[in-house]
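Novice: Protein sequences appear in the order of chains A and B. For what it's worth, the working numbering labels the leading residue of the first sequence as 1, then goes sequentially. For what it's worth, the working numbering labels the leading residue of the second sequence as 1, then goes sequentially.
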Amino acid sequence: MMLFFQFLANGILIGGLYALLAMGLVLIYKATRVFNFALGEMLALGAFLLYMFMSLVGLPFWLALPCTVCASMLTGLLVERLALRPLIGQPILAAIMATLALSLMIKGIVLFIWGSSTVSFPQKVMPSKSLVIGEVFLSNELTWTFLVSIAIFLAMLLFFRFTKTGLFMRATAEGHAVAQAAGINVETIFAVTWAIAALVATAGGIMLGNRFGVGITTLPVMAGKAFPAVLFGGLESIPGALLGGIMIGIVESLAAGYIDPQLSEIMPYIVLLVVLLIRPEGLFGLRRIERI
Amino acid sequence: MYRPCGVFDQKYCETMAIIRTNAHWSLTALGLVLLLAMPLYLSGRILHFVNLLCISIIAAQGLNLLTGFAGQISLGQSAFMAVGAYSSALLTVHLGFPLWLALPCATLITGIVGVIFGAPSLRIKGFYLAMATLAAQVIIPWLITNVRTDLTGGSSSMLVPAPKLAGLTFNSQQSIFYIIVPITCVCLFFVRNLVRGKIGRAFLAVRDNDLAAEMMGINLLKYKLLAFFISACYAGVAGSLWAHWMRAISPDQFNLLESIWFLGMIIVGGMGSVVGVTFAVIFIKFFDIIITVFSPSLTSFMSPQLAQDTAAGLSPFVFGLIILTFLIVEPRGLGHRWEIVKSYFRLWPFKY
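Shown next, in the form of structure tokens:
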């Protein structure tokens with residue numbers, strides 16, 4: 001029984017991270033109707049930026065973090081301006097291919113600059129004290145990751161609820177033409193959305209990199225598990241992303257613990273197939289009504 | 001569509017013909033002769049690339065049928081190729097099937113797997129279908145790596161003996177060329193023929209709006225699954241040829257990146273253009289080949305580690321750039337450009 005709780009706790013904690021990544025995806029999908037397949041590479045880019053500021057430039061962590069945040073938001077803006085804005089109004093395959101092409105390009109750039117080897121941050125990004133509740137051992141990195149994810153989630157909810165930009169973003173999600181008619185500059189909103197999403201991806205990348213090492217081959221695989229989480233929760237729902245991320249984390253952890261450790265690689269995708277067959281719009285997603 | 005000057009169709013079969021004029025016939029014959037004589041005037045190294053190109057063309061045409069014509073987005077084409085390669089290899093190695101029997105069997109098996117993973121397409125479409133096929137792309141290589149590793153060799157490579165037909169052993173690039181290229185020609189002719197008939201028209205209707213197509217009496221169940229079946233069959237042929245050509249297959253030859261390459265070829269070629277996609281495969285593989293051939297020479301002016309990283313990064317970067325450029329600048333792809341060039345020369349020099 002203790003083992004079960006241990007698996008459950010691990011699942012919830014790693015699920016928090018998936019939830020964070022899923023939120024980044026939902027954010028972009030809600031406002032711009034683009035699903036960001038380049039998430040994994042954006043994670044890696046963010047983590048490598050921090051690595052660069054810390055080890056090559058030699059800044060301490062508290063100074064390197066704001067630099068990374070600025071740099072990654074800038075990449076988000078660039079991505080939106082160069083690749084996605086010209087494709088507004090194109091069919092869905094164009095949007096999918098654009099983000100896939102972006103993922104390849106970012107991968108290429110990361111390989112150019114930092115190479116294919118996996119590195120780790122020169123100093124620990126998070127405090128190293130583990131938490132033990134009863135006999136359940138909570139890894140400190142995962143706990144901190146979970147807490148940061150929840151904090152970002154709450155910040156996002158407040159942002160959407162109380163700021164004007166958040167309101168504009170919700171309006172844009174309702175319908176681009178309607179929002180434009182109401183005097184919202186939709187293009188600016190798109191840019192802001194991509195900047196925030198890049199920020200979220202960077203936060204995820206830093207935390208993943210802290211635990212698993214910073215590498216262009218490892219991080220995108222982890223990001224791949226956020227895709228099922230998004231579909232599980234529903235493409236348009238931020239609380240759904242949180243719930244979906246944690247559910248995927250739990251399912252993965254239990255399957256790896258009780259059935260086969262190798263199974264953790266594909267378990268999220270089996271869940272994904274089941275969700276797509278039973279309830280394609282996810283838990284809180286909107287059911288689409290089609291007209292001819 | 002413009003016709004060559006002075007060509008008038010008088011019978012229905014003339015309107016339907018793929019090859020319509022004498023000049024066209026003689027050019028086709030000349031092209032075929034030049035193609036089949038390639039091993040006589042090209043070195044084995046170049047023939048290696050030609051064989052690779054032909055296999056890619058088969059797989060890409062399968063995806064073109066599914067995504068370009070029937071409008072069902074698939075991120076799993078290379079996983080289906082893996083099914084074809086492994087089923088063909090398993091039949092050959094463990095059951096001793098000859099190539100002429102293993103190839104159709106593997107094709108059929110892949111087609112059935114394609115139908116299984118295409119079944120969700122009845123309920124979901126667009127982006128959701130892309131995710132379902134992405135699941136196929138993750139699950140199939142995992143199954144190959146982890147289930148019955150005694151048969152497949154797991155993540156290490158599985159060896160396939162050189163194919164034998166009628167007492168000949170096809171163990172060189174020159175000899176296997178005569179298996180791969182005729183099959184490619186047949187596959188190209190088949191897809192070209194399929195899309196101008198009833199099935200192709202039905203695919204186009206499903207692509208443009210599947211609800212409307214259903215209301216006009218097109219059986220969605222039948223045609224969507226048929227599209228998945230034929231597309232997976234093409235992947236099966238390509239995978240099977242790949243197995244007998246490479247003679248050492250491993251699951252990581254069939255990763256997500258390869259599937260993205262195939263989708264990119266559809267984009268560059270133009271959705272639903274058989275000629276365009278063929279050009280696109282050649283175009284993209286050409287860049288890839290240039291990078292593979294010239295990247296060893298990078299070591300002459302940078303450190304070996306740096307050269308290796310640059311070479312590894314160059315290929316995805318250039319490919320991503322090509323796709324983005326085509327998406328933004330020429331969404332209708334090379335096929336459209338080809339039509340423009342052709343109609344220009346048909347009317348030249350009197351453009352009225």
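Even glycine gets a Cβ: it sits at the ideal position worked out from N, Cα and C. In this text the structure is predicted, and so the values were computed from the model without any measurement.
Here's the rule I'm using: 16 or more other beta-carbon atoms within 10 Å means buried, otherwise exposed. How should H244 (chain B) be labelled?
Specialist: buried
Novice: May I ask you to list the residues that DSSP assigns as paired with L165 (chain B)?
Specialist: For L165 (chain B), which the question treats as bridged, DSSP gives the partners B:L168.
Novice: Whose CA, out of A:L142, A:F284, A:L273, A:I150, lies closest to the CA of Q137 (chain B)?
Specialist: A:L273
Novice: Between the Cα of W338 (chain B) and the Cα atoms of B:D252, B:K285, B:V275, B:F317, which residue gives the shortest distance?
Specialist: Ranking B:D252, B:K285, B:V275, B:F317 by Cα distance to W338 (chain B) puts B:V275 first.
Novice: Provide the residue span of the alpha helix (DSSP H) that contains L78 (chain A), from first to last.
Specialist: 61-79
Novice: Name the residue from A:M267, A:I259, A:A31, A:L199 whose alpha carbon lies nearest to the alpha carbon of M247 (chain A).
Specialist: The shortest Cα separation from M247 (chain A) among A:M267, A:I259, A:A31, A:L199 belongs to A:M267.
Novice: Terminal residues of the continuous beta strand (DSSP E) containing L138 (chain A)?
Specialist: That run of the beta strand (DSSP E) goes 136-138.
Novice: Short check: CB of G236 (chain B) to CB of A106 (chain B), under 8 angstroms?
Specialist: yes
Novice: Residues in the same chain with beta-carbon distance under 8 angstroms from N293 (chain A), minus the five sequence neighbours each way, listed in chain order, please.
Specialist: No statement about residue 293 (chain A) is possible, as the shown extent of chain A runs from 1 to 292 and does not include it.
Novice: Please classify N219 (chain B) as buried or exposed, where buried requires at least 16 other C-beta atoms within 10 Å of its C-beta.
Specialist: exposed
Novice: So, helix, strand or coil for I73 (chain B), using DSSP?
Specialist: coil
Novice: With DSSP as the reference, please indicate the residues paired to I249 (chain B) in a beta bridge.
Specialist: Beta-bridge pairing links I249 (chain B) to B:M158.
Novice: Tell me the rounded alpha-carbon separation between T188 (chain A) and L87 (chain A).
Specialist: 15 angstroms
Novice: Output the residue ranges of the alpha helix (DSSP H) runs that lie fully inside the segment 198-240 of chain A and measure 4 residues or longer, sorted by chain position.
Specialist: 218-223, 226-233
Novice: Would you verify that the beta carbon of L78 (chain A) is, or is not, closer than 8 angstroms to some beta carbon of chain B?
Specialist: No - not a single Cβ of chain B is within 8 angstroms of the one on L78 (chain A).
Novice: V113 (chain B) to F80 (chain B), Cα distance in whole Å?
Specialist: 8 angstroms
Novice: Using only the alpha-carbon positions, how far apart do A102 (chain B) and L221 (chain B) sit?
Specialist: 29 angstroms
Novice: Please check if any C-beta of chain B sits within less than 8 angstroms of the C-beta of E265 (chain A).
Specialist: True, the Cβ-Cβ gap to chain B drops below 8 angstroms.
Novice: Note down the Cα distance separating G249 (chain A) from A71 (chain A), rounded to an integer number of angstroms.
Specialist: 30 angstroms
Novice: Give the straight-line distance between the Cα atoms of T21 (chain B) and Q10 (chain B), rounded to the nearest whole angstrom.
Specialist: 13 angstroms
Novice: Using only alpha-carbon positions, find the residue among A:L104, A:A173, A:A177 that is nearest to S315 (chain B).
Specialist: A:L104
Novice: CA-CA distance, I289 (chain A) and M97 (chain A)?
Specialist: 25 angstroms
Novice: Tell me V26 (chain A)'s beta-bridge partners as DSSP assigns them.
Specialist: Answer is none; V26 (chain A) lacks a bridge partner.
Novice: Go ahead and pull the three-state DSSP assignment for V132 (chain A).
Specialist: strand
Novice: Mind reading off the beta-carbon distance from V200 (chain A) to L20 (chain A)? Whole number of angstroms is fine, and I expect it under 8 angstroms.
Specialist: With 8 angstroms as the limit, V200 (chain A) and L20 (chain A) qualify as a contact, their Cβ atoms being about 6 angstroms apart.
Novice: Let me know the secondary structure DSSP gives V57 (chain A) once reduced to three states.
Specialist: coil
Novice: Whole angstroms are fine: how far does the CA of F53 (chain A) sit from the CA of I184 (chain A)?
Specialist: 37 angstroms
Novice: I want to verify the contact list: residues of chain B whose CB lies under 8 angstroms from the CB of S253 (chain A), in sequence order.
Specialist: Within chain B, no C-beta atom comes nearer than 8 angstroms to that of S253 (chain A); the closest sits roughly 18 angstroms away.
Novice: Check whether the Cβ of L366 (chain A) lies closer than 8 angstroms to any Cβ atom in chain B.
Specialist: What is shown of chain A runs 1 to 292, which leaves residue 366 (chain A) out entirely.
Novice: Where does the unbroken alpha helix (DSSP H) through N146 (chain B) begin, and where does it stop?
Specialist: In the DSSP annotation of this structure, the continuous segment of the alpha helix (DSSP H) that includes N146 (chain B) starts and ends at 127-146.
Novice: Any beta-carbon of chain B closer than 8 angstroms to the one on Q262 (chain A)?
Specialist: At least one C-beta of chain B is nearer than 8 angstroms to the C-beta of Q262 (chain A).
Novice: Could you tell me whether the segment 147-163 of chain B touches the segment 241-256 of chain B, using the rule of 3 or more Cβ pairs below 8 angstroms?
Specialist: yes
Novice: Which of the three DSSP states is assigned to V313 (chain A) in this structure?
Specialist: As shown, chain A starts at 1 and ends at 292. That puts residue 313 (chain A) outside it, with no answer to give.
Novice: Measuring only the C-alpha atoms, how far is F317 (chain B) from V329 (chain B)?
Specialist: 18 angstroms
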